[in-house]
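Q: Structure in structure tokens, see below.
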Ligand SMILES: Cc1ncc(COP(=O)(O)O)c(C=O)c1O
């Protein structure tokens, strides 16, 4: 099929999510295809954070812990995120970073499975997941980190596995695991499953309770548009909550933090997974992003995400054929997330050339060009224009300019 620009514009005209684009503060002249790494700025966030700074902090001072319910923010924002991940409100709380939450839940999961010593994961999982597991292994002698290829995971689950730790949507390829099936397989062998939802939350349909998931963590700064370094969230299924304990037994996780007892006693429920004082400014920005997200219909978000990804794959196939790109993302919409990746031996330079022309995606070593396609603020026409730009850069060899080979720290 030959896709025409007129047909693509018609998709934008009938897009029920189109009005949401204007709720984001996007710079002119930019096609932003990196919302899977850092979501765009919702317009309301600047005002919301300014109000928290000026009124709640400036005027309310320390009284705002009570009067502005700062103390309730981790659970309040967690309950909102619960609606997006298919959990009950009291099963999600916001705290710390994704890496730190991973540590907490890995340690808690291992302690909950005495007699088992294996953390099972996937080769090529996101590095922080593997690094944190390695750190846990160093702290807990006898714990083995077993890493296998994604197609052999199910076979590798046995009675030695305490925790199966998987990233639901792969950060490079965008390939999505079958959460219910793998959770069932792990449960059949008595293992817990810890899902990293960083590239899933706000991008694909999630039903943690429906899948009978045990544990999960995820990022606030990607599809939830919570701002750079936004706090992360963690989920513990209700039946596990009373048994699992955080290894980071800080005072905010204590049953009575303001009783100042000397002995640690974990709070009931998810509160026990807090450690220190919550970052209120960052939480305000995250809550603003989540509030905006919740205004949109998830069914429409998923449908548009799949359509945008399908369009990009089709347009690259049609308009960039023979130019050295190969698709790294599954074709089946139910087997991928909301980003599309292509391999090219000059991937880094091509991405720099794209960014120089206002098309912002990112690069993942060694050869992945990654494009996050976010339904809240992208138009179908943006995909058409981005692919046109990619075709020009490839066909004109523009990426060979030596300035595009210079590596920045963040790629
Ligand atoms: C799968 C996955 N897990 C975790 C993280 C990041 O964790 P943190 O927010 O602790 O840096 C990322 C970041 O891109 C990720 O892709």
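Numbering (the numbering used here), first residue to last: 3 to 413.
For glycine and all other residues, C-beta sits at the position ideal for the given N, C-alpha and C.
All of these numbers come straight from a predicted model, not from anything done at the bench.
On the DSSP bridge list, what partners appear for residue 169?
A: 198
Q: Is it right to say residue 401 is buried, meaning 16 or more other beta carbons lie within 10 angstroms of its own, or is it exposed?
A: buried
Q: Got a sec: is the Cβ-Cβ distance from residue 297 to anything in chain D below 8 angstroms?
A: Chain labels in this structure do not include chain D; a single protein chain is all it has.
Q: Which runs of the alpha helix (DSSP H) fall wholly inside the stretch 44 to 80 and span at least 4 residues, in chain order?
A: 45 to 53, 66 to 69
Q: Once you ignore the five residues that flank residue 330 on each side, which residues in its own chain have a CB closer than 8 angstroms to its CB?
A: 174, 175, 176, 343, 344, 345, 370
Q: Could you tell me if residue 234 is buried or exposed, where buried requires 16 or more neighbouring beta carbons within 10 angstroms of its beta carbon?
A: buried
Q: On the CB-based measure, 16 or more other CB atoms within 10 Å of its CB, does residue 3 come out buried or exposed?
A: A caution first: residue 3 carries a pLDDT of 48, below 50, which makes its placement in the model unreliable, though a value can still be read off. Around the beta-carbon of residue 3, fewer than 16 other beta-carbon atoms lie within 10 Å, marking it exposed.
Q: Should the stretch 12 to 19 be called in touch with the stretch 258 to 267, which here means at least 3 C-beta pairs below 8 angstroms?
A: no
Q: Under the three-state reduction of DSSP, which class applies to residue 27: helix, strand or coil?
A: If DSSP states are grouped into helix, strand and coil, residue 27 belongs with coil.
Q: Look up residue 107 in the DSSP assignment and say whether it is helix, strand or coil.
A: helix
Q: Identify every run of the beta strand (DSSP E) within the stretch 332 to 398, keeping only runs that are complete inside it and at least 3 residues long; order them along the chain.
A: 341 to 345, 364 to 366, 370 to 374
Q: Helix, strand or coil for residue 95? Go by DSSP, reduced to three states.
A: strand
Q: In this structure, how does DSSP classify residue 3 when only helix, strand and coil are distinguished?
A: Caution is warranted here: a pLDDT of 48 is assigned to residue 3, below 50, making its placement in the model unreliable, and the coordinate value is therefore given only provisionally. In the structure shown, residue 3 sits in coil (DSSP, three-state: anything other than H, G, I, E or B).
Q: Around the C-beta of residue 278, are 16 or more other C-beta atoms found within 10 angstroms, so that it is buried, or is it exposed?
A: exposed
Q: Could you give the first and the last residue of the continuous beta strand (DSSP E) run that contains residue 220?
A: 217 to 220
Q: Helix, strand or coil: which one does DSSP assign to residue 1?
A: Given a span of 3 to 413 for the chain in the structure shown, any question on residue 1 remains unanswerable.
Q: Check whether the Cβ of residue 391 lies closer than 7 angstroms to any heavy atom of ligand 1, and answer yes or no.
A: No, Cβ of residue 391 sits at least 7 angstroms from all heavy atoms of ligand 1.
Q: Just curious, the beta strand (DSSP E) that residue 295 is in, first and last residue?
A: Careful: residue 295 lies outside any beta strand (DSSP E), inside the alpha helix (DSSP H) at 282 to 297.
Q: With contact counted as at least three CB pairs below 8 angstroms, one residue from each stretch, are the stretch 301 to 309 and the stretch 82 to 101 in contact?
A: no
Q: Pull up the distance between the alpha-carbon of residue 381 and that of residue 72, whole angstroms please.
A: Whole-angstrom Cα-Cα distance: 36 angstroms.
Q: Mapping the DSSP letters down to three states, classify residue 242 as helix, strand or coil.
A: helix
Q: Considering only DSSP beta bridges, list what residue 146 is partnered with.
A: 120
Q: Pull up the distance between the alpha-carbon of residue 35 and that of residue 143, whole angstroms please.
A: So the two alpha carbons sit approximately 43 angstroms from each other.
Q: Grouping DSSP H, G and I as helix and E and B as strand, with all else coil, what is residue 85?
A: helix
Q: Nearer than 7 angstroms: is that true of the beta carbon of residue 237 relative to any heavy atom of ligand 1?
A: no
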